[in-house]
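Notes to accompany the following structure.
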Amino acid sequence: MSVVPVVLEWVEATSISTHIRESIWTYPVIESIHVLGLGLFLGLTMVMDLRLIGVVLRNTPVGDVMGRLLPWIRWGGALMAVTGVLLTIATPVSFAANPFFAAKLGLLALAGVNVWIFHTTLGPSVGTWGIHALPPLWARRAGATSLVLWVSIAVAGRLIAYNWFQ
Amino acid sequence: MTVFEFFNWCHETAIAVAIRESLWLFPALQALHLVALAALGGAVLVVDLRLLGLGLKGVPVKTLARDMSPWMTRSLVLIIVTGVGMFVSESLRYYGNAAFTAKMAAFVVALAFTYGIRRRWTSADVTGSGGRVVGATSILLWTAVAGAGRAVGFW
C-alpha cells in the first residue's frame, strides 16, 4: 500500500474532518465563506489585472492600484486558503481522485509562479512603466495571464462538485 | 397566472429543457455565474472600500465609481443571464425554496440601492460618515445576496 492513500484516509478519519463532513451547518458555512472570499480575492485581483491590461483606472498609476489593493487581496487569499484547506480536509479521498481538484491545484501552482515572476521582474520598476494609461505590452500580457489563470482556478473549483470521470 | 404556473411554464420552455438534458450546460452556467460574481464583487467592492475611506484613497469616489460602472453593469448582465438559465432549468425545485426567495428579495433591494441611493452619492463625490454608511450598506446587501445564493443549492 502506497503512502498517499494511507495519509488521505488518516486525514479523513480525524475528528475535524468527520465534524466538517457530518455536521449539517459546518460544511455549507465554510463553503459560503469560500465564495464570499472569492468575491473579495478574485474580484479585486480582476480590478488589478484589468488596470495592468489598461482597461480600468487608466489615470491611476499601476503601482498605486497595487499598493492599495494588494493588502485586501492578501486578506481575501488567506480567507480562501483557510476555508479551502478545511473543505479539502473534509473529503480528502474523493478530492484526490477528482480531476478538477487536480487541475485546480496545478493551476494554483502556475498562478503562484506567475505572481513570483511578476514581483521579481516587473514589480520593482512599476513606478516607471506603471504611470502610463496603457502599460507596455509585456505588462499587459502579465495582467492577462494572471486573469486567465485565476478565472480558470475558480471554474475548476466550481466543477469539483461534479465527478463525471469517476 | 399564479407564481406556480409561471415557474411551471419556465420549466417547460425549450431552453430549460435543453439545459436539463445537457450534461455540461448547467455546470457551465454555474461556473460563469461564479466568475461574474467575482467580477461584480471587485467592481462594487473597490468603490465601497473607497467610500469607507479604505483602498484606493488617492482616487476621487466619483472617478472610481464612473470608471468601474461599465464593469459592474457587464458583470450584472452575465450574472442575470446565467442565473435565469439556471433558474428556468430547475424552476420547480426553486418553488418554495426559502433561500431562493430571500436571494431574489435581497437582489432587488441591492440593485435598487446600487442604482438609486449609491449612484446619487458617488456622483456627488460624497465621503465622510455618509459615504461610510453607503459603502457599508452596499457590502452588507451584496454579501446577503451571495450568501443566500450559495444557500439555494443547500436547500
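Which chain is which? The protein sequence lines are A and B, in order.
Mapped onto this note's numbering, the consecutive letters of the first sequence carry residue numbers 784 to 949.
Mapped onto this note's numbering, the consecutive letters of the second sequence carry residue numbers 378 to 532.
From the three backbone atoms N, C-alpha and C, an ideal C-beta is built for every residue, glycine too.
Just so you know, these numbers come straight off a predicted model, no measurement behind them.
Any non-hydrogen atom of the ligand SAH within 7 Å of residue i CB
| i | result |
| --- | --- |
| A/Ala-927 | With respect to small molecules bound, the structure shown includes none, and the ligand SAH cannot be examined in it. |
Beta-carbon spacing of residue i, residue j below 8 Å
| i | j | result |
| --- | --- | --- |
| B/Leu-428 | B/Val-438 | yes |
| B/Ala-479 | B/Trp-519 | no |
| A/Ala-925 | A/Phe-901 | yes |
| A/Ile-807 | A/Ile-872 | no |
| A/Ile-936 | A/Ala-879 | no |
| A/Val-818 | B/Arg-527 | yes |
| B/Phe-403 | B/Leu-469 | no |
| B/Leu-417 | B/Met-449 | yes |
| B/Phe-490 | B/Ser-515 | yes |
| A/Gly-889 | A/Pro-844 | no |
| A/Leu-833 | A/Leu-852 | no |
| A/Trp-855 | A/Leu-891 | no |
Beta-carbon neighbours of residue i, restricted to chain A and to distances below 7 Å
| i | result |
| --- | --- |
| B/Thr-520 | Leu-819 |
| B/Ala-415 | Leu-821, Gly-822, Leu-825, Gly-826, Met-829, Ala-937 |
| B/Gly-460 | Correct list: empty, because the minimum Cβ distance to chain A is about 14 Å. |
| B/Ala-523 | Val-818, Leu-819, Gly-822 |
Contact set between residue i and chain B, taken where Cβ atoms lie within less than 7 Å
| i | result |
| --- | --- |
| A/Val-931 | Under the 7 Å cutoff, chain B gives no residues; its nearest Cβ is about 11 Å from A/Val-931. |
| A/Arg-941 | Gln-407, Ala-408, Leu-411 |
| A/Glu-814 | Arg-527 |
| A/Val-934 | Val-412 |
Chain B residues whose Cβ lies nearer than 8 Å to that of residue i
| i | result |
| --- | --- |
| A/Val-909 | Going along chain B, no residue has its Cβ under 8 Å from A/Val-909, so there is no contact; the nearest lies around 15 Å. |
| A/Pro-811 | Arg-527, Ala-528, Phe-531 |
| A/Val-848 | Leu-433 |
Per-residue contacts from residue i into chain A (C-beta, under 9 Å)
| i | result |
| --- | --- |
| B/Met-445 | Val-830, Val-839, Leu-840 |
| B/Leu-422 | Gly-822, Leu-823, Gly-826, Leu-827, Val-830, Trp-855 |
| B/Leu-426 | Leu-827, Arg-851, Leu-852, Trp-855 |
| B/Gly-430 | Here the premise fails: no neighbours, minimum Cβ distance about 12 Å. |
Own chain partners of residue i with C-beta closer than 7 Å, once the 5 adjacent residues on each side are dropped
| i | result |
| --- | --- |
| A/Gly-820 | Gly-859, Leu-862, Met-863, Thr-866 |
| B/Thr-499 | Val-424, Val-438, Lys-439, Ala-442 |
| B/Tyr-492 | none |
| B/Ser-452 | Ala-413, Ala-416, Leu-417, Ala-420 |
Presumed contact (8 Å Cβ cut-off) between residue i and residue j, rounded CB distance
| i | j | result |
| --- | --- | --- |
| A/Val-830 | A/Val-839 | 7 Å |
| A/Leu-825 | A/Trp-933 | 6 Å |
| B/Ala-523 | B/Leu-414 | 6 Å |
| B/Val-510 | B/Arg-495 | Contact doesn't hold; Cβ gap of about 11 Å is too wide. |
| A/Leu-835 | A/Ala-922 | 6 Å |
Cβ shell of residue i (< 8 Å), same chain only, five flanking positions each side left out
| i | result |
| --- | --- |
| B/Leu-433 | Val-423, Leu-426, Arg-427, Leu-441 |
| B/Asn-474 | Val-529, Trp-532 |
| A/Pro-882 | Phe-948 |
| A/Tyr-945 | Phe-883 |
| A/Lys-887 | Ile-936, Ala-939, Gly-940, Ile-943 |
Listed by chain order, chain A residues near residue i by CB distance under 8 Å
| i | result |
| --- | --- |
| B/Gly-493 | Neighbours of B/Gly-493 on chain A: none; closest Cβ ~22 Å, over 8 Å. |
| B/Gly-508 | The contacting residues do not exist; B/Gly-508 stays about 17 Å from chain A at best. |
Contact list for residue i against chain B, beta-carbon separation under 9 Å
| i | result |
| --- | --- |
| A/Thr-843 | Leu-433, Gly-435, Val-436, Thr-440, Leu-441, Asp-444 |
| A/Val-876 | Simply none; closest approach about 22 Å. |
Beta-carbon contacts of residue i that lie in its chain and below 6 Å, excluding the five residues immediately before and after
| i | result |
| --- | --- |
| B/Phe-477 | Tyr-471, Val-529 |
Subject >> Interface residues of the stretch 848 to 871 of chain A facing chain D [CB-CB below 8 Å] >> reply: Protein chains in the displayed structure are A and B, and chain D is not among them.
**OP:** Decide if the stretch 935 to 942 of chain A is in contact with the stretch 399 to 419 of chain B; the criterion is three or more beta carbon pairs, one per stretch, under 8 Å apart.
**Re:** yes
**OP:** Check whether the stretch 798 to 816 of chain A touches the stretch 389 to 406 of chain B, counting contact only when three or more Cβ pairs, one atom from each stretch, lie closer than 8 Å.
**Re:** no
Original post:
Is it true that the stretch 457 to 465 of chain B meets the stretch 844 to 860 of chain A, where meeting means three or more beta-carbon pairs spaced less than 8 Å apart?
Top reply: no
Subject >> Touch test, the stretch 382 to 391 of chain B against the stretch 791 to 801 of chain A, Cβ-Cβ under 8 Å, three pairs minimum >> reply: no
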